[in-house]
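For the sequence shown, our numbering gives the first residue as 53, with consecutive numbering after it. First comes the structure, then the notes that go with it.
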Amino acid sequence: MSNPSDHPQPPGTRRPPIAWTGIIDRYAEFLPVTDATPVISLHEGNTPLIRVDRFVEACGGGFELWLKFEGLNPTCSFKDRGMTLAVSKAVERKAEVVICASTGNTSASAAAYAARSGLKCVVLLPKGKIALGKLAQALMYGATTIAIEGNFDDALRIVRELGETGKVEVVNSVNPVRIEGQKTAAFEICDQLGCAPHFHFLPVGNAGNITAYWRGFKEFHTAGRVDRLPRMFGFQAAGAAPIVEGHKIDHPETVASAIRIGNPASWQGATDALNESKGSIEKVTDEEILEAYKLIARTDGVFVEPASAAALAGIFRCAKEGKIPEGSIISATMTGHGLKDPDTAISSAGFEATVLKPDTREVMKAIGL
Ligand SMILES: *Cc1c(COP(=O)(O)O)cnc(C)c1O
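Structural data, given as structure tokens:
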């Protein structure tokens, strides 16, 4: 295809811009929007799909692994895909206030898109349990930020009750429009690979995303854009694995705060995705999560948040157990950027910078030259 920027620009003219203007513009035909929907976008989506051969080698090799790096969205997590649609629909309905419960990334995204649209935003966070980068975002974007002395599930219950008053628009993934926006990541993976993967791996918290991906893959298949469906593999953290255990967890615990959820809102959607795709859901320990978190940064230069690494820990284990057929094409969602949670990064890296006098010889000695 000819690229407008490859041609010289005649004096006094302006070349047509090459612009990505977000997931609603790109995939409108698959989304619940009309010409009357005001599109509130920060140009989310179009995130890179990165092939990570060195990580695969560390797993023992034999398959292709492609990471959908959702940390490169405008607020650095996949939540922006659902939020552009949820806030656009809220504006269309003439709402004035959007509200959400959040382990952090939903609030960061809601706050940004609310700011972009001029809506007020209220976020309810579990007190003391939110990664520093996410809190910084909610505060910077100007959301009214309330810390609940409880966990995410407590905050979501309150938000649902407030939603029933009809005075606020709930933008959690219980809002069906969020799932619609999030399914566009599956479309992009198919477009970027040129086919559907054989397997898709992702972390599972509230289970909105696994529901959304499965819907996206199915819709692209029905539309004839791909000729097969992937099997879906979800991973929960061992201390917060209600779907794996088959019951609610009252006090979920894990280092991966984005999936520290004991009673997933989209439980049924996850179960359907797993059954229909002949997939499975398993749990990984915090140790496995942190190992994979460090490994992917060091093998391939991809820095993700701990929750995203749950999917990588799952791939690592499946590969070691010989469960991945030779030649498989695998995609995995890297849900959020590593910089969201600097405390976990610094404590996991396990060392501090070496402090030296400003002297070249001392530096040479320290690095062994
Ligand atoms: C929200 C989130 C998840 C979990 O997604 P669900 O849709 O709740 O299952 C995982 N990782 C990150 C970084 C998130 O922000």
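The beta-carbon is built from N, C-alpha and C at its ideal position, and this holds for glycine as well.
As assigned by DSSP and simplified to three states, the class of residue i
{"i": "Gly215", "result": "helix"}
{"i": "Ser154", "result": "coil"}
{"i": "Glu378", "result": "coil"}
{"i": "Leu119", "result": "strand"}
{"i": "Val278", "result": "coil"}
{"i": "Ile311", "result": "helix"}
{"i": "Glu328", "result": "helix"}
{"i": "Gly321", "result": "helix"}
{"i": "Ser93", "result": "coil"}
{"i": "Glu81", "result": "helix"}
{"i": "Val296", "result": "helix"}
{"i": "Thr384", "result": "According to the sequence shown, residue 384 is Ala rather than Thr. Looking at Ala384 - three-state DSSP - the assignment turns out to be strand."}
{"i": "Val407", "result": "coil"}
{"i": "Glu414", "result": "helix"}
{"i": "Lys392", "result": "helix"}
{"i": "Glu148", "result": "coil"}
Straight-line Cα distance separating residue j from residue i
{"i": "Ala363", "j": "Ala384", "result": "7 Å"}
{"i": "Ala405", "j": "Val104", "result": "28 Å"}
{"i": "Gln288", "j": "Gly388", "result": "15 Å"}
{"i": "Arg301", "j": "Asn315", "result": "Checking the displayed sequence, the identity of residue 301 turns out to be Ile instead of Arg. One C-alpha to the other measures close to 7 Å."}
{"i": "Ile75", "j": "Val149", "result": "23 Å"}
{"i": "Ala345", "j": "Ala290", "result": "One detail in the question is off: residue 345 reads as Tyr in this sequence, not Ala. One C-alpha to the other measures close to 16 Å."}
{"i": "Arg78", "j": "Glu122", "result": "17 Å"}
{"i": "Thr425", "j": "Leu171", "result": "Absent from the structure is residue 425, since the part of the chain shown begins at 53 and ends at 421."}
{"i": "Ser380", "j": "Glu81", "result": "31 Å"}
{"i": "Cys111", "j": "Val91", "result": "42 Å"}
{"i": "Pro255", "j": "Asn261", "result": "9 Å"}
{"i": "Asn3", "j": "Glu240", "result": "Residue 3 cannot be examined here, being either before or after the span of the chain that is shown, 53 to 421."}
{"i": "Pro304", "j": "Asp205", "result": "10 Å"}
{"i": "Arg369", "j": "Glu414", "result": "43 Å"}
{"i": "Phe253", "j": "Leu83", "result": "24 Å"}
{"i": "His299", "j": "Glu213", "result": "23 Å"}
{"i": "Ala166", "j": "Met192", "result": "12 Å"}
{"i": "Lys179", "j": "Thr155", "result": "10 Å"}
{"i": "Gly374", "j": "Gly114", "result": "10 Å"}
{"i": "Arg145", "j": "Gly218", "result": "12 Å"}
{"i": "Val407", "j": "Lys417", "result": "13 Å"}
{"i": "Thr73", "j": "Ala195", "result": "25 Å"}
{"i": "Ala153", "j": "Ser159", "result": "7 Å"}
{"i": "Val139", "j": "Ser332", "result": "33 Å"}
Opening and closing residue of the alpha helix (DSSP H) in which residue i lies
{"i": "Gly420", "result": "First-last for Gly420: undefined, no H or E at that position."}
{"i": "His273", "result": "260 to 274"}
{"i": "Ser129", "result": "From DSSP, Ser129 is part of no alpha helix (DSSP H); its letter is neither H nor E."}
{"i": "Phe368", "result": "358 to 372"}
{"i": "Ile301", "result": "Taken as a continuous stretch (DSSP letters only), Ile301 belongs to no alpha helix (DSSP H), as it is neither H nor E."}
{"i": "Phe239", "result": "236 to 245"}
{"i": "Glu339", "result": "338 to 352"}
Assigned exposure category for residue i - 16 Cβ within 10 Å defines buried
{"i": "Arg230", "result": "buried"}
{"i": "Ser399", "result": "exposed"}
{"i": "Ser267", "result": "In the sequence under discussion, the amino acid at residue 267 is Arg, which differs from the Ser named in the question. So Arg267 counts as buried."}
{"i": "Gln61", "result": "exposed"}
{"i": "Thr274", "result": "exposed"}
{"i": "Arg66", "result": "exposed"}
{"i": "Trp118", "result": "buried"}
{"i": "Ile419", "result": "exposed"}
{"i": "Glu216", "result": "exposed"}
{"i": "Ala163", "result": "buried"}
{"i": "Val85", "result": "buried"}
{"i": "Arg350", "result": "exposed"}
{"i": "Gly402", "result": "exposed"}
{"i": "His234", "result": "The sequence shown places Gln at residue 234, not His. With 16 or more other Cβ atoms within 10 Å, it is buried."}
{"i": "Pro176", "result": "This sequence places Leu at residue 176; Pro is not what is there. Buried."}
{"i": "Thr412", "result": "exposed"}
{"i": "Ile311", "result": "buried"}
{"i": "Lys141", "result": "buried"}
{"i": "Gln320", "result": "exposed"}
Opening and closing residue of the beta strand (DSSP E) in which residue i lies
{"i": "Gly286", "result": "283 to 289"}
{"i": "Arg103", "result": "101 to 103"}
{"i": "Trp72", "result": "Counting along the chain, Trp72 falls outside any beta strand (DSSP E), and DSSP gives it neither H nor E."}
{"i": "Leu254", "result": "251 to 255"}
* Note down, one range per segment and in chain order, each beta strand (DSSP E) of at least 3 residues found wholly within the stretch 170 to 234. => 172 to 178, 196 to 200
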